[in-house]
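> A single structure is presented below for examination.
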Amino acid sequence: MQIIRGKIPGAQKVVIYGPEGIGKTTLASHFPGAVFIDTEGSTKKLDVARFEPPSSWTMLMAQVDYVVAHPTEFKTLIIDTADWAQALCIRHICDKHQMSGIETFGYGRGYTYVSEEFGKLLNRLDDVIAKGINVVLTAHAQIVKFEQPDEMGAYDRWAMKLINASKTSIAAMVKEWADMVLFCNYKTYSVAVDDQGKKHKAQGGRRVMYTSHHPCWDAKNRDGLPDEIPMEYGAIRHIIEPDEISAPVQPVMPEPEPVPAPLPDKMPEPEPAPEQLEIPTELPEAVPFEQGTPKDLEISPGDLPLPEGIPKALADLMRQNNVTEWDIQAVCAKRGYYPEDTPITNYDPDFIKGCLIAAWPQVYEMIQERRAEFDKQNPFLN
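In our numbering, each number is its position in the sequence shown, counted from 1, plus 42.
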């Protein structure tokens, strides 16, 4: 049995939550080598790298898989925000089970399905961490009523805007998963404006981050941070980039001045001028275009325009995987769902949501198998 001692360096799992507009996205954008999965379009004003906004839960999971498969391209993956990602997850579960809403399941089963599916996302984010890539989840905050089991009365406190049911709490899952939970808020002061101290007004407004638990909010860290720090990336940079901070600065050595080369005793004779090339008066005959199509003009399936009327969530998955309408029609006809000449726009909307989008990995696998079978039967086309 091997015993491992000492600290184990690695990527960080960070959750940043707070009221809307306080600057969570801007703070996350300062993480090194950041790429955003922007679920709500909050990065439009920032000069950052981002994926195409995911229009479905399947697309969001595929973007996380891309980061795992290309670990050298990024240093930080940011999902902005977790509560909007949760909305995609809820819609995915409802479409998969052909329910109109999460409450339609009854007895809290819908929330259990959502919690299990969101747990799959956290597991995939652990795969991102294993590749040495930091993960940041941002979330909005809301004020909720809280009652201690062993105390009388209830009071208000800040909480993440995630499902927080007694048996299926995504908020609790996220807090347990994270290494660092930072609550961002405006620090205000109540100042009396009369001699009796009965009237007060708020002053201040400085943005701060809280790093440890408080009766009014949830927060935690495992690095000994102060309870309150400025809402700046520099306050946690030594944790996210320990090698960059601790590395000594190398002094810049001045370059030596060049020493002029000694002049030769005898100057070399000039070389004779090169002979003039003859310019042909007739140009060679052009090759007809029909004899070959340049590689630059080849069109991949993803570049082909899709018919109007295809739902955006399905169209995004088709373009992302270079899938044409004919590919979809072929696999649906093979399974006996629709005749092969039936346009996708004539498919039942519930079939598109519950089968094509919700089960896209299986659909795409069938498309790849059909393509491989077609190439095997027609080798002269390769």
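Beta carbons: idealized from backbone N, C-alpha and C, even for Gly.
Ordered along the chain, which non-local residues of its own chain (more than five positions away) have a Cβ less than 7 Å from that of residue 382?
For the purposes of this step, residue 382 is taken as residue 340 along the sequence shown, with counting starting at 1. Within the same chain, residue 382 has close Cβ partners 371, 372, 375.
> Can residue 124 and residue 183 be called in contact, C-beta distance under 9 Å?
Taking the sequence shown and counting its residues from 1, the one referred to as residue 124 is at position 82. Taking the sequence shown and counting its residues from 1, the one referred to as residue 183 is at position 141. Not in contact: residue 124 and residue 183 (Cβ atoms no closer than 9 Å).
> Just tell me which of 395, 169, 160 has its CA closest to the CA of residue 214.
Residue mapping note: residue 214 aligns to position 172 of the sequence shown, counting from 1. Per the Cα distances, 160.
> Distance, Cα to Cα, residue 57 vs residue 101?
Reading the sequence shown from its first residue, position 15 is the one you call residue 57. Reading the sequence shown from its first residue, position 59 is the one you call residue 101. Each residue's Cα considered, the two are about 22 Å apart.
> Just to confirm, are residue 253 and residue 222 a CB contact at a threshold of 9 Å?
Translated into positions along the sequence shown, residue 253 becomes position 211. Translated into positions along the sequence shown, residue 222 becomes position 180. Yes, the pair counts as a contact, with Cβ atoms nearer than the cut-off.
> Please report the Cβ distance between residue 67 and residue 85, rounded to the nearest whole angstrom; I am assuming they are in contact, meaning their Cβ atoms lie under 8 Å.
On the sequence shown, residue 67 is found 25 positions in, with the first residue counted as 1. On the sequence shown, residue 85 is found 43 positions in, with the first residue counted as 1. Right, their Cβ atoms sit about 6 Å apart.
> Among the candidates 135, 138, 349, 263, whose CA atom is the shortest distance from the CA of residue 220?
Translated into the one-based positions of the sequence shown, residue 220 becomes position 178. Taking only the C-alpha atoms, the option nearest residue 220 is 263.
> In angstroms, rounded to a whole number, what distance separates the CA positions of residue 162 and residue 216?
Stepping through the sequence shown from its first residue, residue 162 is reached at position 120. Stepping through the sequence shown from its first residue, residue 216 is reached at position 174. Rounded to the nearest angstrom, the two C-alpha atoms are 12 Å apart.
> Considering residue 103, what are the terminal residues of the beta strand (DSSP E) in which it resides?
The sequence position of residue 103 within the sequence shown is 61, counting from 1. Element bounds for residue 103: not the beta strand (DSSP E) but the alpha helix (DSSP H), 99-111.
> Ends of the beta strand (DSSP E) at residue 179?
To locate residue 179, count along the sequence shown from 1; it is residue 137. DSSP places residue 179 inside the beta strand (DSSP E), whose first and last residues are 176-188.
> Pull up the distance between the alpha-carbon of residue 364 and that of residue 178, whole angstroms please.
Locating residue 364 in the sequence shown gives position 322, where the first residue counts as 1. Locating residue 178 in the sequence shown gives position 136, where the first residue counts as 1. Rounded to the nearest angstrom, the two C-alpha atoms are 30 Å apart.
> Taking 9 Å as the threshold (C-beta atoms), are residue 150 and residue 229 in contact?
Counted from its first residue, the sequence shown places residue 229 at position 187. Counted from its first residue, the sequence shown places residue 150 at position 108. The answer is no: Cβ separation not under 9 Å.
> Alpha carbon to alpha carbon, what distance is there between residue 131 and residue 274?
Position 232 of the sequence shown holds residue 274. Position 89 of the sequence shown holds residue 131. For residue 274 and residue 131, the distance between alpha carbons rounds to 31 Å.
> Going by CA-CA distance only, name the one from 55, 49, 129 that's closest to residue 176.
Here residue 176 corresponds to residue number 134 of the sequence shown, with the count starting at 1. When only C-alpha atoms are compared, the closest one is 55.
> Hey, could you find the ends of the alpha helix (DSSP H) residue 373 is sitting in?
Start at 1 with the first residue of the sequence shown, and residue 373 comes out as number 331. Residues 367-376.
> Taking the alpha helix (DSSP H) that residue 200 falls in, what are its first and last residues?
To locate residue 200, count along the sequence shown from 1; it is residue 158. Unbroken run through residue 200 is the beta strand (DSSP E), 197-202; no alpha helix (DSSP H).
> Less than 8 Å between the CB atoms is what I'm expecting for residue 359 and residue 402, so what's the real figure, rounded?
Here residue 359 is taken as the residue at index 317 of the sequence shown, counted from 1. Here residue 402 is taken as the residue at index 360 of the sequence shown, counted from 1. Between residue 402 and residue 359 the Cβ distance is about 5 Å, and since that is below 8 Å, they are a contact.
> Quick check: the Cα distance between residue 62 and residue 408, rounded to an integer number of angstroms?
Taking the first residue of the sequence shown as position 1, residue 62 is located at position 20. Taking the first residue of the sequence shown as position 1, residue 408 is located at position 366. If you take the alpha carbons of residue 62 and residue 408, they lie about 43 Å apart.
> Excluding the 5 residues flanking residue 284 on each side, which residues of the same chain have their C-beta closer than 8 Å to its C-beta?
Within the sequence shown, residue 284 is the residue found at index 242, counting from 1. Counting only Cβ-Cβ distances below 8 Å, and skipping sequence neighbours, we find 51.
> Exposed or buried, residue 212, counting other C-beta atoms within 10 Å across all chains shown (16 or more means buried)?
As a first step, residue 212 is located in the sequence shown; it is residue number 170 there, counting from the start. Burial call: buried.
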